[in-house]
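Below you'll find the structure, written out as structure tokens, and then a few comments.
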Amino acid sequence: MFGRESQDPLTANIRSLVAALVVSAVAVTIIAASATTIVDHRTTRVHAERELDQRILLVAEHVRAVIQTDVMLLGRVADHFAGRPLPAFLEADADRKALRAMLKEAGGVDSIWVYDEYGDAVLSTTEERHGRFNVADREYFQATRAGERLFVSPLIWGRVTGGFFIVVARRLEDSSGAFRGVAMVGVPADRFPDFYRRIAGDEKASLAVRKLNGDVVVRTPLPIAEPPKGWPKDSYVRERLTEEAGVYERTSVIDGIGRLYAFRRLDPEGLVVIAGRPLDALFAPWWSRTLLVWGLGGGGVALSLALSVLVLRAARREADALRDALRAVRESEERFDMAVAATADGIWDWDLRTNRVRRTARMKALYGLADHEMGDDSQEFWDLLHPDDGPVLRAAVQAHLERRSEQVEAECRVRHKDGSWRWLFVRGRAQFGADGEPLRMVGMMTDVTERRERELLVQAAHRAAEAEKERARHAANHDPLTGLPNRAYLTERLTALTGAAVPDGARQAVMLLDLDDFKAVNDTLGHPAGDELLRIVADRLRSCLRDGDFVARLGGDEFAVVVPAACGTACGTLALAERIVATVGQGAVIAGRPVRVGCSAGVSVWAAAALEPEEAIRQADVALYEAKRTGKNRVVLQGCGDASHPACGSGAA
């Protein structure tokens, strides 16, 4: 009895101590396990969102690059048919060969099709000879015919190919802008999903590309029939189209798999890219670590004295988790680098906080530089930029960083390693922090030197054609010997003169001039001397003219002068004619011999707009004949109709 009573307090104390230790161990274990699980879950979630954001950014840029490549390919197709009609159905082997060459250079495109303004197929790059068919009921044809220059279609079923594909279509126009047909390329429906699965490394990874109105451009898995139009009623993305990007969880109604999704809006393409990975795959390592934590925690309740060991193990597990996460990030970056190496564009990532730039080897190759020849200093880009393009690009970057533009887009010249200037199309977009400050800017560069040089050649050809047209017009309207306007130009001026508005009572005049005894010069000195004399006469006629007067050579030794104002305060038609006769009759030295010829003038004066050009010339010709008949070297006026007018009469010079 004594012994039992003496042991009870000790037992109770031991039990209390054991209970306290057990309770403490349980509490510490629960708290430690819960904290570890929560922190681990948050870390896993952060890494998953970051990795998914990197992948969707890559997929979005891949989608943009594919569409830009298709747009440039369609631009080449449009240039190929510019200025000439579309070929007849199945009668364009040369055109088909040219389009197949473009298709081979572009890569990743199934086929090119060309349809006329009625929707009938006239040309394709496919090997099969399909029968003639019509696509006038297709959405892409109706949209381009209605005025859209470029159109990216939702997912459609090919009537000829018998499979799903995406259409990128371009409107074909003639020189006046009128609709003349459609050129389109077909992109395989599995191109974007296959690309995403390769970089995600997960067969259950899902991808969808939708238009802003919700129409499906592509999705995984591919549907059996063409999917319905618009967004689903419970779409998370539809309510957040104003946001550039976002992350959310959702269980798929297609396969019932819960996934972590990320979406990113593509502007100006008008598309939304949605990528997802199964939650089971993302959090499988976390579940394993969580079960392990709680299992060890349960053992820690029984082995409270080994709590320090459990803490060390938990620390080791955290280190393993961090190492796994770092390895996963490294593998993700390696997949990213592999995907970047497969594209023709150069990609850059500019950390605005450190002013360091990460550049891909492809971007450095655009400068002709090896990977080690360009570092991460942002100033290297600006140093190689053409001086005329630097201010423009800096202004575009500043406008985007101040959120005055959606993204940076500019074409600029950079110095190549060989010393030449290369044209690059630069586009990029910044990422902003919660405080609105820009953190980084990511973008791509595309070499567009060939296109720019082609545009310069087209502009030079256009200028040459305009110059040739002007030379032809001048040659058609001017005498090649004297440089004076010819008979056709004279008729044009007379027609314009008779149709012009003039004051009441105004008079106009035309003079016909004929050299006296010009034939004797040709007969005695030869035709070269006669030609030289005609050039001298032309110069003398020019020297006699007043502002507004017009002189032309009609042929041979005949000339004409048009006087648009032959009366009023500036009356002097007779005086002008006599001055011309006197000036032309002055002597000249040709081939070392003195030459003198006279000049007879017939003048027709009429009320403004009262005579047709032919009648005015006829009356002047009658007056010229009278001058020749009455002694030559004279001026005779015809058709004045006003004896009081000072220009009416005749005289000898």
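The end of the sequence shown is residue 655 by our numbering, with every number in the run present.
Just so you know, even glycine gets a beta-carbon here, dropped at the ideal spot from N, CA and C.
- Count the other CB atoms within 10 Å of the CB of K366; is the residue buried (16 or more) or exposed (fewer)? buried
With a 10 Å radius around its C-beta and 16 neighbouring C-beta atoms as the bar for buried, classify L576 as buried or exposed. buried
State the Cα-Cα distance for the pair V638 and L536, rounded to the nearest angstrom. 22 Å
How would you label R1, buried or exposed, when you count the other beta carbons within 10 angstroms and need 16 or more for buried?
What the structure shows of the chain is the stretch from 3 to 655, and residue 1 is not part of that stretch, so it cannot be assessed.
| task | Please classify H49: is it buried, with 16 or more other beta-carbons within 10 angstroms of its beta-carbon, or exposed? | result | buried
Please classify Q409: does DSSP put it in a helix, a strand, or coil? coil
message: Tell me which residue opens and which closes the beta strand (DSSP E) that Y657 is part of.
response: Past the edges of the chain, shown from 3 to 655, lies residue 657, and the structure says nothing about it.
Worksheet item: Based on the DSSP secondary-structure assignment, which residues constitute the bridge partners of V116?
Response: L125, A185
Original post:
Using the rule of at least 16 other Cβ atoms within 10 Å of the residue's Cβ for burial, across every protein chain shown, is F135 buried or exposed?
Top reply: exposed
Nearest-angstrom Cα distance between G299 and I32? 7 Å
Beta-carbon proximity of A35 to L75, cut-off 8 Å = no
Between V73, V187, A264, which lies nearest to Q56 when the distance is taken from Cα to Cα? A264
Rank G594, E614, P393 by C-alpha distance to the C-alpha of A498 and give the top, closest one.
E614
* Asked: Buried or exposed: where does S700 fall if 16 or more other Cβ atoms within 10 Å of its Cβ makes it buried?
  -> Summary: the structure shown does not reach residue 700, with the chain confined to residues 3 through 655, and so no result is reported for it.
W384 - DSSP class collapsed to helix/strand/coil
helix
Q.
I need the straight-line Cα distance from L59 to E51, nearest angstrom please.
A. 12 Å
For this session: Check whether the Cβ atoms of D516 and E580 sit closer than 8 Å, and answer yes or no.
Result: no
Q. By how many angstroms is the C-alpha of D449 removed from the C-alpha of Q461?
A. 20 Å
Checklist line | Three-state secondary structure assigned by DSSP to K634 | finding: coil
| query | If you draw a straight line from the alpha carbon of D525 to that of K634, how long is it in whole angstroms? | reply | 20 Å
Q.
On the DSSP bridge list, what partners appear for F434?
A. P440
From R489 to L556, what does the alpha carbon distance come to, in whole angstroms? 5 Å
ask   = Per DSSP, E93 is paired with what?
value = Per DSSP, none; premise fails for E93.
Burial state of R291, where buried means 16 or more other Cβ atoms lie within 10 Å: buried
Worksheet entry | Other residues of its chain near V79: CB distance less than 6 Å, five sequence neighbours each side excluded | A185
Point to revise | Nearest-angstrom beta carbon gap, G377 and R364 [assumed within contact, 8 Å] | key: No, R364 and G377 are not in contact; Cβ-Cβ is about 16 Å, not under 8 Å.
Quick check on DSSP: helix, strand or coil for L658?
Within the shown structure, residues of the chain are numbered from 3 to 655, placing residue 658 beyond reach of any answer.
How close, in whole Å, do the beta carbons of D351 and V275 come, if the pair is a contact with beta carbons under 8 Å? Wrong, their Cβ atoms sit about 19 Å apart, outside the cutoff.
Check: What are the residues that DSSP puts in a beta bridge with L426?
Finding: C414, D449
When we look at the beta-carbon of T253 and count the other beta-carbons within 10 Å, is it buried (16 or more) or exposed?
-> exposed
Worksheet entry | Which listed residue (A432, R442, F383) has its alpha carbon closest to that of V416 | F383
Enclosing beta strand (DSSP E) for E560 [first to last residue] = 560-565
Check: Y627 C-beta below 7 Å from any heavy atom of the ligand NAP | In terms of ligand content, the structure shown is empty, and the ligand NAP therefore cannot be addressed.
Original post:
Is the stretch 200-218 close to the stretch 227-236, with three or more CB pairs under 8 Å?
Top reply: yes
### For A2, three-class secondary structure by DSSP
Residue numbering for the chain in the displayed model covers 3 to 655; residue 2 lies beyond these limits and cannot be assessed.
Close beta carbons around T585, own chain, < 6 Å, minus the five adjacent residues each side: R542, C546
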